[in-house]
Amino acid sequence: MLRKAPAIVALVVLGGLTATQAAGDEPLIHVRKDEDGYVVMAQFEVAARPEVVLRVLGDYEQIPHLLPRVTRSVVTARDGSHVVVEQTVAARVLMFSKELHLVLDVREDTDTIAFHDTCHQSFKNYTGWWAVRPSATGSTVVYELSATPAFDVPSMVLARLLRRDSTEMIEALRRAMLQGR
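According to the numbering used here, numbering within the sequence shown proceeds without interruption in unit steps and concludes at 834.
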């Protein structure tokens, strides 16, 4: 069975507050505030087969090499399609910095990953999913995350984190997928 990623973690929790779709290969990213926190939705195309995309997403130990803000990513348990991944993310913008900690309970399927944080140390709620589908050019990757921070941060600062980090995450993942890692 292919391993798939939960995460790429707070990274998307770390998107853009408006939808963005530029010419060509730019990902569609939409982040909105709701009554409980933030909802992030992203979609992008990549010229790689779904099995390659899933292999990149599922290489948990390599996540810190792909995403420098993820300082730690360790599989602590695996039982068939159930995986537990512990991650630490360094979130920084201007003079604000925060270390985020997640223990992700991941359920893998052949083309989707559902995950949620069970430790609630950095987020009151952190749930989401990835879906990978074949497309004419390779694969369509869809991501959705609902996150409610357990810490206070000014909306303007969080908006900057969201805008910067989700774009960086998607571009880093896409590069790895194109290289077939």
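Backbone N, C-alpha and C fix where the C-beta goes; we use that ideal spot for every residue, glycine too.
Handout entry: Per DSSP, the bridge partner or partners of D764
Key = Sequence index remark: in the sequence shown, residue 764 carries index 111 (1-based). Bridge partners of D764: none, in fact.
Looking at the structure shown, is A825 part of a helix, part of a strand, or coil, going by DSSP? Mapped onto the sequence shown, residue 825 falls at position 172. It is helical.
### Query
At which residues does the alpha helix (DSSP H) containing R708 begin and terminate?
Here residue 708 refers to the residue found at position 55 when the sequence shown is read from its first residue. Note, R708: alpha helix (DSSP H), P703 to L710.
Closer than 8 Å is the cut-off here; do at least three beta carbon pairs connect the segment 763-771 with the segment 741-753? no
Worksheet item: Mapping DSSP to helix, strand and coil, what is A784?
Response: By 1-based counting over the sequence shown, the position of residue 784 is 131. A784: strand per DSSP, three-state reduction.
Note to self: I believe V785 touches V706 by the beta-carbon criterion, under 8 Å. Please report the beta-carbon distance rounded to the nearest angstrom.
What the structure shows: Translated into positions along the sequence shown, residue 785 becomes position 132. Translated into positions along the sequence shown, residue 706 becomes position 53. Indeed, because the Cβ distance is near 5 Å, the residues count as touching under 8 Å.
On the criterion of 16 or more Cβ atoms from any shown chain inside 10 Å, does H735 qualify as buried, or is it exposed?
Walking along the sequence shown from the start, residue 735 turns up at place 82. Exposed is the call here.
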